[in-house]
Amino acid sequence: MTKFLFNATASGLHKTARFLRISYNEINILVWYFLIPFSWLCILDGILGFHFLKMGFALFTLGFAFGCRDFACFSDWLFDRSVVFLLSFRRFGMGYVLSSVLICVLVPLGVYLFLLYLLLL
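Using our numbering, the letters of the sequence shown map in sequence onto residues 5 to 125.
What follows is the structure, encoded as structure tokens:
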């Protein structure tokens with residue numbers, strides 16, 4: 005099941021990257037460092053009843069977009085750092101695939117479920 009989730013996620017990212025004409029590293033950074041956190045902040049704003057978090061993140065992202073001189077290079081660097089982070093879980097007996105699925109798929113899914121639970125209270 006772990007390999008299936010990893011391969012399905014990677015395949016979806018590869019297809020999306022090809023469609024958008026960007027690299028695999030770029031789509032990874034966009035999804036996990038920008039889109040997912042932004043969506044969490046949107047849900048949090050819904051829970052808290054204001055718009056400050058998503059507006060603040062949108063302003064940060066806009067500033068980053070204008071300030072980042074080479075997003076492809078930045079994405080390669082951050083993707084490489086993320087791989088190093090995921091590989092560091094080898095000391096706990098987890099390989100890259102397992103740590104990727106746990107940290108990049110299941111943890112975000114758990115956060116979504118928790119936030120949606122709070123939103124629906």
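For glycine and all other residues, C-beta sits at the position ideal for the given N, C-alpha and C.
Model, not experiment: these values are computed from the prediction.
query: Determine the extent of the alpha helix (DSSP H) in which Y28 is found, giving its start and end residues.; result: Y28 to I33
query: Helix, strand or coil for M5 per DSSP?; result: coil
query: A12: which of R95, V101 and L90 sits nearest, CA to CA?; result: V101
query: What residue from R85, F38 and F54 has the CA that sits closest to G67's CA?; result: F38
query: With a threshold of 8 angstroms on Cβ separation, who are the neighbours of K7 within its own chain once the five nearest residues in sequence on each side are excluded?; result: V101
query: According to DSSP, is C72 helix, strand or coil?; result: coil
query: How should K58 be labelled, buried or exposed, when 16 other C-beta atoms within 10 angstroms of its C-beta is the threshold for buried?; result: buried
query: Excluding the five sequence neighbours on either side, which residues of its own chain have a C-beta within less than 7 angstroms of the C-beta of F10, listed in chain order?; result: V101, S104 and V105
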